[in-house]
Amino acid sequence: MELFEFIIRMLVATAAGGALGLERESSNKSAGLRTNTLVAVGASIFVMISTRVVQPELGDPSRVVGQIVTGIGFLGAGVILHRGANVKGLTTAATIWCSAALGSLAGFGFYWEVAAATLLIIFVNTVFKKADYLFMKKRKEKEIEKKKENEE
Numbered sequence: 109m110e111l112f113e114f115i116i117r118m119l120v121a122t123a124a125g126g127a128l129g130l131e132r133e134s135s136n137k138s139a140g141l142r143t144n145t146l147v148a149v150g151a152s153i154f155v156m157i158s159t160r161v162v163q164p165e166l167g168d169p170s171r172v173v174g175q176i177v178t179g180i181g182f183l184g185a186g187v188i189l190h191r192g193a194n195v196k197g198l199t200t201a202a203t204i205w206c207s208a209a210l211g212s213l214a215g216f217g218f219y220w221e222v223a224a225a226t227l228l229i230i231f232v233n234t235v236f237k238k239a240d241y242l243f244m245k246k247r248k249e250k251e252i253e254k255k256k257e258n259e260e
């Protein structure tokens, strides 16, 4: 891999992670632009290291991706807060995990796949958030109705 290709892959990872991070920032979430960008860039660097260092007859460079997933799991666990029945940070943790996946794709040079996956993840985080809100609102309304019925 030439230096130019290395830089292109890192820039693609930066753009993808940055796009996810901007969406998180716009929602005022804890892991935003810098976190998602660094996760994507870091994953792409690890993937590129593995493809250059590991010789096919001695090992499988894709095994690094499994280690990235494990490492990001610990990072994601750090943003999840659990208080009683209330859990916060799951979507942010999942988005960090997706940033690592995008960085891995970029590190392997799958540019179109990075673009498609980035758009899909942003779509899920924005459109499904509105659907979640509607379902939660209806659920709370039903809970209030049940409380009123129980009080009567």
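Each residue of the sequence shown is one higher than the one before, counting from 109 in the working numbering.
Here a beta-carbon is modelled for each residue, glycine too, at the ideal position from N, C-alpha and C.
A225 to A193, Cα distance in whole Å?
32 angstroms
Would you decide whether A185 is buried or exposed? Buried here means 16 or more other CB atoms lie within 10 Å of its CB.
exposed
So the candidates are D168, A208, L166, L128; which of them puts its Cα closest to the Cα of V147?
Taking the Cα of V147 as reference, the smallest distance to any Cα among D168, A208, L166, L128 is reached at A208.
Compute the Euclidean distance between the alpha carbons of R77 and G129, then round it to the nearest angstrom.
Outside the displayed span of the chain (109 to 260) sits residue 77, for which this structure offers no information.
May I ask you to verify whether the stretch 223 to 243 touches the stretch 164 to 180, counting CB pairs closer than 8 angstroms and requiring at least 3?
no
For I180, tell me which candidate among A151, I157, T199 has the shortest Cα-Cα distance.
A151
Which one or two residues does DSSP pair with R191 in a beta bridge?
N194
Which residues in the same chain as F114 place their Cβ atom closer than 7 angstroms to its Cβ, once the five residues preceding and following it in sequence are excluded?
Same-chain partners within the cutoff: M156.
Same chain only: Cβ atoms within 8 angstroms of G125, ignoring 5 sequence neighbours per side:
N144, T145, L146, V147, A148, V149, S207, L210, G211
What is the rounded straight-line gap between the Cα of W205 and the Cα of N258?
Roughly 43 angstroms separates the two Cα atoms.
Output the distance between the C-alpha atoms of R191 and G197, rounded to the nearest integer angstrom.
12 angstroms
Whole-angstrom C-beta distance between R117 and G217, which should lie under 8 angstroms
6 angstroms
Continuous alpha helix (DSSP H) stretch holding E131: start and end:
111 to 134
Is it buried or exposed, L213, if we count other Cβ atoms within 10 angstroms and call 16 or more buried?
It is buried - the Cβ of L213 has at least 16 other Cβ atoms within 10 Å.
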